[in-house]
Amino acid sequence: MLELKNLTRAYELGGERAGVFGVSLSVPKGRLAVLAGPSGSGKTTLLQLAGLLDTPDEGEVRLDGETVSSLPEKARCDLRLRRLGFVFQAFNLVPVLSALENVMLPLQLRGVAETEARSRAEAALARVGLADRRHHRPGQLSGGQQQRAAIARALAPDPLLVLADEPTASLDHAHGGPLMDLMAGLAGERGVTFVVASHDPAVISRAHQVFRLADGRLVEGS
């Protein structure tokens, strides 16, 4: 489903050459894959390349067999809107909107009618166990609930692929483990592919596949 072929993206950081170099990996549909490694290993860079937020110097990104990394920016932007979902460490929920309104927002930005957007957002919140908290604003939700709302927002447009950057970093262990159980379950039930960048052992232990990075290179994959 997601294939990265010999990806290289190099840049200068503090006078040193950083990035990712010659990385190839494949993640089938409906799997939870983790990009593991210490800070500076290239996890976030690889996630940005997979999410078409950056362009590789060399190599290809393929989704469902189609090479998408060389598409024009307008086509890449359209693909991100239609087929990809993103979950961020900082949640990025709009504080003055309810959980339901936050999940509806990206659907409405895609031109989905309000009635349909509401129905899809309510279904997404129900899948992550937040149906009874849908009218609460982010400040009225726990950290774990806010991250669940962020996952619902990513899932509402029915993406092929969800990319998550350190999704448990702002959560304690009591919330981080169940969050990853939720992602793994959704991957299997909904056929959504999750690719998560993390160095959290609770995340790594729940993955279907683990790809370990060091100094921008893939050193272990399963």
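The sequence shown runs 89 to 310 under the working numbering.
We put the beta carbon where it would ideally sit given N, CA and C, even for glycine.
Fill in: Nearest to Arg119 (by Cα), restricted to the options Gly227, Gly264, Val250 and Ala302
The residue you call residue 119 lines up with position 31 of the sequence shown. Here the closest residue by C-alpha is Val250.
Worksheet entry | Beta carbon of Val122 nearer than 9 Å to that of Ala138 | In the sequence shown, counting from the first residue as 1, residue 122 sits at position 34. In the sequence shown, counting from the first residue as 1, residue 138 sits at position 50. In this structure, Ala138 does not lie closer than 9 Å to Val122 by Cβ.
Fill in: Arg208 versus Ala106 - alpha carbon distance
Residue mapping note: residue 208 aligns to position 120 of the sequence shown, counting from 1. Residue mapping note: residue 106 aligns to position 18 of the sequence shown, counting from 1. Going from the Cα of Arg208 to the Cα of Ala106 covers about 41 Å.
Item to complete: Measure the Cβ-Cβ separation of Ala285 and Glu254 and say whether it is below 9 Å.
Response: Within the sequence shown, the letter at position 197 stands for residue 285. Within the sequence shown, the letter at position 166 stands for residue 254. Yes. Within cutoff.
Discussion item. On the DSSP letters alone, give me the boundaries of the alpha helix (DSSP H) that Thr133 sits inside.
Written reply: For this step, residue 133 is matched to residue 45 along the sequence shown. Start and end: Lys131 to Ala138.
Worksheet entry | Ala178 to Thr256 span [Cα, whole Å] | If you number the sequence shown from 1, residue 178 lands on position 90. If you number the sequence shown from 1, residue 256 lands on position 168. Between Ala178 and Thr256, the C-alpha separation is close to 10 Å.
Practice prompt. Rounded to whole angstroms, what's the CA-CA distance from Asp152 to Val298? Just pull it up for me.
Written response: Counting from 1 along the sequence shown, the entry for residue 152 is found at position 64. Counting from 1 along the sequence shown, the entry for residue 298 is found at position 210. Whole-angstrom Cα-Cα distance: 20 Å.
Fill in: Candidates Asn180, Ala205 and Leu141, of which the one nearest Cys69 by Cα
With the chain running from 89 to 310 in the structure shown, residue 69 is simply not present.
Practice prompt. Tell me whether the beta-carbon of Thr203 lies closer than 9 Å to the beta-carbon of Gly147.
Written response: Here residue 203 is taken as the residue at index 115 of the sequence shown, counted from 1. Here residue 147 is taken as the residue at index 59 of the sequence shown, counted from 1. Contact: no.
Discussion item. Using CA atoms only, rank isn't needed, just tell me which of Tyr99, Gly128 and Asn94 is closest to Leu113.
Written reply: Within the sequence shown, numbered from 1, the residue matching residue 113 stands at position 25. Here the closest residue by C-alpha is Asn94.
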